[in-house]
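Only one structure is covered here, and it is reproduced in the block below.
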Amino acid sequence: MTDKKGSRADLTPDTIKRILRCQERTGIKATRFMRQFSHIAPAGLSAPIIETWVYGSVKTAEREYIDFVLKHYAEIEQEFNALQARECLERIIKTQTEKVEITPEILAELKHHRKRTNKAPMALLKGLRAELPKGLTSAQINNWMAGVKTVKKEYLDYVLRLWREMPDYMETPEILKAKDPRVPVTPEIIQEIRFHQRRTGVKANGFMRQFRSSAPEGLTDNIIQSWTDGGTKTIKTEHLDFVLESYAKMKQQRITLTFPVTDQFKACELRTGIKSFDLLDHASAPPDGLTSAIITGWVKRETRTARKDYFDYVLTLWKSLPDS
496 MTDKKGSRAD LTPDTIKRIL RCQERTGIKA TRFMRQFSHI APAGLSAPII
546 ETWVYGSVKT AEREYIDFVL KHYAEIEQEF NALQARECLE RIIKTQTEKV
596 EITPEILAEL KHHRKRTNKA PMALLKGLRA ELPKGLTSAQ INNWMAGVKT
646 VKKEYLDYVL RLWREMPDYM ETPEILKAKD PRVPVTPEII QEIRFHQRRT
696 GVKANGFMRQ FRSSAPEGLT DNIIQSWTDG GTKTIKTEHL DFVLESYAKM
746 KQQRITLTFP VTDQFKACEL RTGIKSFDLL DHASAPPDGL TSAIITGWVK
796 RETRTARKDY FDYVLTLWKS LPDS
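Just add 495 to wherever you are in the sequence shown, counting from 1, and you've got our numbering.
Following this line, the structure appears as structure tokens:
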């Protein structure tokens with residue numbers, strides 16, 4: 496215990512405000528404060544004395560008392576702030592890593608919004624790179640609708656909010672007047688079809704071999720090819736819906752990374768002098784979701800399979816680079 500000094504000081508409005516603010520934020524009133532600090536408090540300081548300050552019963556107090564109370568309330572508030580910051584960070588991390596199931600109801604809503612807005616995932620995220628949750632890509636959204644069962648809650652909440660806030664797609668007056676059941680071949684449609692072709696490794700002719708028996712009348716592999724080649728300006732809605740829905744149901748094509756396969760990568764490294772983790776620096780437009788870490792994992796044989804579209808792109812790129 497320390498002795499009282501005998502000097503008094505005014506209990507200014509700022510002093511009372513600081514004490515009240517800390518009490519309200521932390522819930523630590525005078526009684527609890529004194530229980531916590533009684534072993535080091537100045538002799539004579541008590542909870543009733545502090546209460547007379549905040550109730551306005553007195554205008555002055557021992558300077559030593561005021562300094563002690565303000566100092567330790569400031570420490571309490573600092574610890575409280577740090578605790579709140581940690582809890583906030585934990586909530587953020589939990590939100591970012593928490594996964595949820597894509598239920599049939601959620602899947603139906605995703606497909607409904609895609610059709611309602613006429614916005615494919617790539618078009619949905621266009622121009623939003625700076626604000627997207629880290630790691631979210633249009634390829635992942637396509638995979639959700641193709642049958643992926645779980646997804647980061649942060650990603651799903653973001654995508655649903657985007658699609659829900661978008662207005663319905665409005666057909667042009669010309670299309671309504673003609674009542675032509677066709678839609679324009681937009682760059683987004685072309686990109687989505689090409690994405691599925693890369694993802695599955697199935698081009699137009701292979702697609703029709705697989706789905707010819709159930710395809711709408713008039714749909715051929717040449718017609719599908721003309722969409723992606725830019726030779727057709729409009730598409731029958733029936734044809735487009737069938738192609739996109741069928742592609743979305745197809746599983747991603749993967750290849751096994753045997754030693755002869757990965758040896759091709761090592762040969763490319765030796766010839767070009769470009770390591771796996773630097774390869775994408777030489778790429779102009781890599782597939783969505785392909786990273787240097789994925790390529791390095793192949794070369795080091797840390798994984799046994801690879802997406803065929805990723806593999807084909809990487810091998811073609813490496814082989815196109817000049818000798819070192």
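Glycine residues also receive a C-beta, built at the ideal position from the N, C-alpha and C atoms.
It should be emphasised that the depicted structure is a prediction, and the values quoted were computed from it without experimental measurement.
Looking at the backbone, the Cα of residue 714 and that of residue 742 are separated by about 14 Å. The C-alpha of residue 582 lies about 52 Å from the C-alpha of residue 699.
Contact between residue 766 and residue 818 holds: CB atoms are separated by about 6 Å, below the 8 Å threshold. By the Cβ criterion, the segment 515-524 is in contact with the segment 553-572, since at least three pairs of Cβ atoms, one from each stretch, lie closer than 8 Å. Rounded to the nearest whole angstrom, the C-alpha separation of residue 794 and residue 663 is 46 Å.
Residue 522 has its alpha-carbon roughly 14 Å from the corresponding atom of residue 578. Around the C-beta of residue 633, 16 or more other C-beta atoms lie within 10 Å, and the residue is accordingly described as buried.
When beta bridges are read from the DSSP output, residue 557 appears opposite 503. Taking 8 Å as the cut-off, the beta carbon of residue 506 is found closer than this to the beta carbon of residue 556. Counting other Cβ atoms within 10 Å of its Cβ, residue 637 reaches 16 or more and is therefore classed as buried.
The beta carbon of residue 606 lies closer than 7 Å to those of 640 in the same chain, with the five residues before and after it left out. In this structure, residue 665 and residue 612 do not form a Cβ contact; the two beta carbons are roughly 10 Å apart against a cut-off of 8 Å. Between residue 734 and residue 659, the CB-CB gap reaches or exceeds 8 Å.
Here the C-alpha atom of residue 623 lies approximately 16 Å from the C-alpha atom of residue 649.
The continuous stretches of beta strand (DSSP E) do not include residue 738, which lies in the alpha helix (DSSP H) extending over residues 732-744.
Annotation: the continuous beta strand (DSSP E) that includes residue 751 extends over 749-751.
Of the candidates 790, 732, 737, 768, the residue whose Cα lies closest to the Cα of residue 709 is 737. In terms of Cβ geometry, residue 778 and residue 812 form a close pair [threshold 8 Å].
Going by DSSP, residue 616 is part of no beta strand (DSSP E) but of the alpha helix (DSSP H) stretching over 616-619. In the three-state reduction of the DSSP assignment, residue 802 falls in the strand class. Rounded to whole angstroms, the separation of the alpha carbons of residue 558 and residue 549 is 16 Å.
Distance from the CA atom of residue 790 to the CA atom of residue 809, rounded to whole angstroms, is 8 Å. For residue 596, the enclosing beta strand (DSSP E) covers residues 594-596. Residue 698 carries a coil assignment under DSSP once its states are collapsed to helix, strand and coil. Taken atom to atom, the span from the alpha-carbon of residue 745 to that of residue 616 is near 17 Å.
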